[in-house]
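The structure appears below as structure tokens.
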Amino acid sequence: MNPFARSITTATAGARAVRTRPGRWGRVLAWTALVAGLAATVALWMQNERAARAQVDRVLERRLELVQARLGESFSIYSALLLAARGWLAGPHPVDERSWRAFVETLDPQRRAPGLHHLAFAMRVPTGEMPLTARTDAFDAGGARIGSTRILRAEPPLPPRLSGYDLMTHPVVAELLHTADGGSEPVVSPAVRLHRRDQPRILVVLPVEPHAARPLPGYAIAFVDIAALMQWIAGMALADVVVQVYDGPSVAEGRLLYRSPGEAAVQLTRTSLLHVEDRVWTVTVAPNAQLRRAVADNTSTAILVAGSAVSLLLFLSLLGLASGQARAAMLALRMSDAARARERRFSQLARHAPMGVFIADPGGRYVFVNAHWRRLSGLSDAGASGDAWVDALHPQDRERVLAAWREAVRAGAAFQQDCRLLDRFGTENYVSFSAIPERDEHGDIVAYIGTCMDITARRRAELALTRANEELEQRVQSRTAELEQANAHLSREVEERRRAERERVEILQRQAALLDSIPDMAWLKDSELRFLAVNERVAALFRVSEQDIVGKNDYDFMPAEVARHNREEDLQVLHTGRTLRLDDMDATVRSAGTRW
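According to this note's numbering, the stretch in the sequence shown is residues -9 to 586, in order.
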């Protein structure tokens, strides 16, 4: 006899035995069964929801760590570029447009620093001073204004409206420059707009101290587009979350710098603080619709519907048994027919349920499986009876599931396992087995009733998400290694340039000392006949300082005829390599006059 039929027959005998008891006990039992069934259904649904929430939390944690790491690495690169620019600007050479562009091209900031739009140099101009190496076209026609700090060079070039822009006219930037003067580390500004037609930018500023040979005090500045930087970061497997960056220690106190597109789930948002140089940013990540769909538990609806239907059907059945004392005798006489009808209804419910249903005897041998179970396993009714259902298990899961099933049957306990079934075509179906023992009024087990839920879609989504996370971690590690190598290469390049500049300065200093030790007029020119160094007697002859002569030629200090004559003699020495004695230079210069 089917276990369902045995259960109904047992209930019929009990009805005959207790027909004289008040009907209220039957109603109490019906309501108890309904409440217990609904409570179990809700508990199972909440368990699935918690599992999905935990999966989302793990993904958000990884995405938040990625955003923090990328932002930290980017600002480290900006700081390294500014340090290199400060070292170059402190050298005794002109900061003209060509040399500045050549220097920036060696750094290659557009490739190494995502989000960096411009690398610039701004000069401080005190009251009444005009640096010799500055160009008047970068400043007011009448000279420097009081307390101005103007952008002198930028690569790529700034728009015409910002050419020679005085940073001291912007109160936020002026305060930032004042803060930078107090230390030697880069400082970061909030999002500022230098011109009403410009996009908001973040300025990273590093002060440049004047050099003894070339007093050019000012600042090395990096113009950063936070939107471009975040779009570069978001392109690295962040399509399933919504990222927001605030300039401040919290979302409530900060100013929104960036928000990626998409609709975020506010109740699942993860937040973290990020220290960017001297500022504190707040970074939040939240799942978007794509991530919520990827980890959604597709069995939640089936659990609610099936659990509620079974509980309601059981409630109605038990409530029908206790409909009143007046119908007790007739109900007892017709119990056999009612039992068969209920068996048919249970059978119909089992056959058409949206999940696999199976029934096993007290020894754990299958006596019934519905069509959904057969479709998942590829077995027939006869092929699944007894212990033959084990053949549908995946070979790698068979021993584990069978051992757990036998242990549950031996202990008379509930059974739950996740495994794979192979259908007749060899296709793997991920399923979740659950079974509970059915007991009679004496507590003896009469059957095991179980379900087999198809979780293939959820499992494949989890596996796909796991593979995506592993690929993302590999890409992060690879990109981190590349950035470390690039930083090391950049540091070596900067150090080599500094060493070359130090050697060049030392050579020039030794040459100047050697020239000063010569009692006669002595000078040193390059291949283009510009003065590299002169001694004091030559400077006294021209009535200017030695530094005013360096970088200029004879035409800057002598009449054209005298300069042309000297140039011909210099070219003769360069072309022939012979020594030429100039005994009459002093007389020639003085006869022509020392000032023109």
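A virtual CB, placed ideally from N, CA and C, is assigned to each residue, including glycine.
Its Cα nearest to that of V231, the residue L50 stands out among L50, R533 and H108.
Fully contained in the stretch 194 to 254 are the following alpha helix (DSSP H) runs of length 4 or more, in chain order: 216 to 224. Looking at L247, L246 and P277, the one whose alpha-carbon comes closest to that of T259 is P277. Comparing alpha-carbon positions, the option among E452, H384 and V399 lying closest to T417 turns out to be H384.
Positions of the alpha helix (DSSP H) runs, each at least 4 residues long and wholly inside the stretch 346 to 381, are given as 361 to 367 and 371 to 374 in order along the chain. At a cut-off of 3 residues, the continuous stretches assigned as beta strand (DSSP E) that sit fully inside the stretch 475 to 527 are 513 to 515 and 521 to 524.
Relative to the Cα of R269, the nearest Cα in the group G297, S301 and Y236 belongs to Y236. DSSP, reduced to helix, strand and coil, places P150 within a helical segment of the structure shown. The C-beta of A224 has 16 or more other C-beta atoms within 10 Å across all chains shown, which makes the residue buried. In the structure shown, F547 adopts coil according to DSSP, grouped into three states. DSSP lists no beta-bridge partner residue for W15. Under DSSP, the beta-bridge partners assigned to E145 are L109. Around the beta-carbon of F213, 16 or more other beta-carbon atoms lie within 10 Å, marking it buried. In this chain, T96 is not harboured by any beta strand (DSSP E); it is covered by the alpha helix (DSSP H) spanning E87 to L97. DSSP places D560 within a helical segment (H, G or I) once states are collapsed to three.
For Q45, the secondary structure class from DSSP, reduced to helix, strand or coil, is helix.
The three-state secondary structure of D156, taken from DSSP, is strand.
For A398, same chain residues with a beta-carbon under 6 Å away, outside a window of 5 residues either side, are F405 in chain order. Contact between L522 and K515 holds, with the beta-carbon distance rounding to 6 Å and staying under 8 Å.
Note that the C-beta distance between G137 and D215 is not below 9 Å. Here E428 is near I439, since their CB atoms are less than 9 Å apart. A straight line joining the alpha-carbon of F93 with that of N556 spans about 34 Å. Look at V177 here: in three-state DSSP terms it is strand. The C-beta of G402 has fewer than 16 other C-beta atoms within 10 Å across all chains shown, which makes the residue exposed. Taking 9 Å as the cut-off, the beta carbon of V347 is found no closer than this to the beta carbon of V357.
Per the coordinates, the alpha-carbon of C409 lies some 59 Å from the alpha-carbon of A74.
Here the alpha carbon of A393 sits roughly 25 Å from the alpha carbon of Q37.
Between G27 and S301, the C-beta spacing is below 9 Å. In the structure shown, L412 falls within a strand segment according to DSSP collapsed to helix, strand and coil. Taking G244 as the centre and dropping the five residues before and after it, the same chain places the C-beta of Y236, D237, G238 and T272 closer than 6 Å to its C-beta, in chain order. If the five residues before and after E267 are omitted, its C-beta is found closer than 8 Å to the C-beta atoms of F65, S69, E175, P176, V177, V178 and V194, all from its own chain and listed in chain order.
By the CB criterion at 9 Å, L142 and H160 fall outside the cutoff. A Cβ-Cβ separation of about 19 Å leaves Q45 out of contact with S262 under the 8 Å criterion.
In the DSSP annotation of this structure, A164 is not part of any beta strand (DSSP E); the continuous alpha helix (DSSP H) holding it starts and ends at P161 to D171. Per DSSP, P190 lies in no alpha helix (DSSP H) segment and is marked neither H nor E. Contact check for R364 against D371 passes: the beta carbons are separated by less than 9 Å.
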